[in-house]
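A.B. asks:
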Amino acid sequence: SFEYFRIKGNQKYKTINYSVEGDWSGASFLLIAGAVGGCVRVNNLDHHSSLQADKRIIDALRLCGAGVKIGYDNVEVYKNDLEGFAFDAEDCPDLFAPLVALICCCKGKSVISGVERLKHKESDRGLALQSEFTKLGAKIKISGNKMEIDGKILKGGEVNSHNDHRIAMACAIAGIGSKQGIKINDASCVSKSYPGFFVDLDSIIKAD
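With positions in the sequence shown counted from 1, the corresponding number in the working numbering is that position plus 35.
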């Protein structure tokens with residue numbers, strides 16, 4: 036389905052005002068930055084009526100103990116004591132990368148289900164996350180459809196993006212709580228979904 040579309044000719048546009056809601060996939064990285072580094076509010080997010088699967092990032096943040104405030108058209112997340120948790124990302128696989136960055140800051144072991152859905156993304160995202168976060172000091176095990184992560188402070192270091200925008204953004208968020216900071220090679224790949232990501236992240240860090 037949705038492979039072919041037929042558009043009739045001789046039509047005219049009718050102007051309307053239409054509000055486009057924010058992207059929960061991109062916003063998830065900034066919300067997690069708030070959970071691990073301070074306090075962040077992201078505007079133009081409609082948690083109540085949005086049909087985007089990635090609004091489930093709110094469920095994950097609440098499960099680990101982060102402070103969450105839902106506004107009319109915004110979400111605010113603030114730092115708190117974070118505990119390990121279990122989360123099923125089968126229906127929201129784009130949350131996998133930011134969740135790995137979050138879980139590394141949680142005490143104890145966490146488990147995310149749905150790894151097999153990551154094999155055919157811009158990279159084999161499950162293996163890419165395991166590879167790059169292991170370089171930073173994380174302890175990650177993939178078993179079947181599940182990824183197990185032991186929360187610990189990351190030492191930092193140099194990683195590769197695998198030309199995958201979500202890997203690059205996840206590593207950037209991980210750098211906030213790392214000991215030495217993180218250098219990301221080929222970080223420009225974030226332009227695929229969020230060209231202004233590093234500008235927004237930098238503004239948050241400076242504001243904090």
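Backbone N, C-alpha and C fix where the C-beta goes; we use that ideal spot for every residue, glycine too.
Could you pull the start and end residues of the beta strand (DSSP E) that Phe122 belongs to?
C.D. replies: Walking along the sequence shown from the start, residue 122 turns up at place 87. It spans Ala121 to Asp123 - the beta strand (DSSP E) in which Phe122 sits, taken as one unbroken run.
A.B. asks: In chain order, what residues of the same chain have a beta carbon less than 6 Å from the beta carbon of Ser145, not counting five sequence neighbours either side?
C.D. replies: Counted from its first residue, the sequence shown places residue 145 at position 110. Cβ neighbours of Ser145 beyond the five flanking positions: Gly119, Phe120, Ile138 and Ile184.
A.B. asks: Suppose you measure from the CA of Phe233 to the CA of Leu153; what does that come to, to the nearest Å?
C.D. replies: To locate residue 233, count along the sequence shown from 1; it is residue 198. To locate residue 153, count along the sequence shown from 1; it is residue 118. Roughly 24 Å between the two C-alpha positions.
A.B. asks: Are at least three pairs of beta-carbons, each pair with one atom in the segment 104-114 and one in the segment 73-89, less than 8 Å apart?
C.D. replies: Yes, the segment 104-114 is in contact with the segment 73-89.
A.B. asks: What is the DSSP secondary structure of Cys99, counted as helix, strand or coil?
C.D. replies: In the sequence shown, counting from the first residue as 1, residue 99 sits at position 64. Residue state, collapsed to three classes: helix.
A.B. asks: Only counting the same chain, and skipping five residues up and downstream in sequence, which positions put a Cβ closer than 7 Å to that of Gln87?
C.D. replies: Numbered from its first residue, the sequence shown carries residue 87 at position 52. Answer for Gln87: Trp59, listed in chain order.
A.B. asks: Per DSSP, Ile147 is paired with what?
C.D. replies: Indexing the sequence shown from 1 puts residue 147 at position 112. Phe122 and Met182, per the DSSP bridge assignment.
A.B. asks: What are the start and end residues of the beta strand (DSSP E) that includes Ile208?
C.D. replies: Against the sequence shown, residue 208 aligns to sequence position 173. First-last for Ile208: His200 to Ile211, but that is the alpha helix (DSSP H), not the beta strand (DSSP E).
A.B. asks: Could you name the residues of the same chain whose beta carbon sits closer than 8 Å to that of Val71, not counting the 5 residues immediately before and after it, in chain order?
C.D. replies: Within the sequence shown, numbered from 1, the residue matching residue 71 stands at position 36. The answer, listed in chain order, is Lys114, Leu117, Ala136, Leu137, Cys140, Ile208, Ile211 and Gly212.
A.B. asks: Taking Arg160 as the reference, give the member of Lys214, Gly100, Ile202 and Ile67 with the closest Cα.
C.D. replies: Here residue 160 is taken as the residue at index 125 of the sequence shown, counted from 1. Nearest C-alpha to Arg160: Ile202.
A.B. asks: Using DSSP's beta-bridge definition, name the partner residues of Ile175.
C.D. replies: As a position in the sequence shown, residue 175 is number 140, starting the count at 1. Bridge partners of Ile175: Ile184.
A.B. asks: Take every Cβ of the segment 187-200, pair it with every Cβ of the segment 218-229, and state whether three or more of those distances are shorter than 8 Å.
C.D. replies: Flag = yes, the segment 187-200 and the segment 218-229 touch.
A.B. asks: Short of 8 Å in beta carbon distance, which residues of its chain neighbour Lys214, apart from the five on each side in sequence? Order them along the chain.
C.D. replies: The residue you call residue 214 lines up with position 179 of the sequence shown. Taken in chain order, the residues that qualify are Ile188, Leu189, Lys190 and Gly191.
A.B. asks: DSSP has Arg76 in a bridge; who is on the other side?
C.D. replies: Your numbering for residue 76 matches position 41 in the sequence shown. Arg76 pairs with Glu111.
A.B. asks: Could you tell me the distance, in whole angstroms, from the CA atom of Val150 to the CA atom of Ile92?
C.D. replies: Locating residue 150 in the sequence shown gives position 115, where the first residue counts as 1. Locating residue 92 in the sequence shown gives position 57, where the first residue counts as 1. Cα to Cα, the separation comes out at about 17 Å.
A.B. asks: Give me the residue from Lys170, Val110, Phe131 and Met182 with the minimum Cα distance to Gly69.
C.D. replies: Residue 69 sits at position 34 when you count from the first residue of the sequence shown. Nearest of Lys170, Val110, Phe131 and Met182 to Gly69, Cα basis: Val110.
A.B. asks: Tell me the rounded alpha-carbon separation between Ser85 and Gly216.
C.D. replies: Against the sequence shown, residue 85 aligns to sequence position 50. Against the sequence shown, residue 216 aligns to sequence position 181. If I take the Cα positions, the gap works out to 35 Å.
A.B. asks: DSSP beta-bridge partners for Asn220?
C.D. replies: Here the question's residue 220 lines up with position 185 in the sequence shown. In DSSP, Asn220 forms a bridge with Asn195.
A.B. asks: I'd like the span of the alpha helix (DSSP H) that includes Ser166, first residue to last.
C.D. replies: For this step, residue 166 is matched to residue 131 along the sequence shown. That run of the alpha helix (DSSP H) goes Arg160 to Lys170.
A.B. asks: Per DSSP, what kind of secondary structure is Ile42 in: helix, strand or coil?
C.D. replies: Looking up residue 42 in the sequence shown gives position 7. If DSSP states are grouped into helix, strand and coil, Ile42 belongs with coil.
A.B. asks: Please report the distance separating the alpha-carbon of Cys99 from that of Val112.
C.D. replies: Taking the first residue of the sequence shown as position 1, residue 99 is located at position 64. Taking the first residue of the sequence shown as position 1, residue 112 is located at position 77. Going by the C-alpha atoms only, they are around 12 Å apart.
A.B. asks: Which residue's Cα is closest to the Cα of Ile175: Ala132, Ala62, Cys127 and Pro230?
C.D. replies: As a first step, residue 175 must be located in the sequence shown, where it is residue number 140. The candidate whose alpha carbon is nearest that of Ile175 is Ala132.
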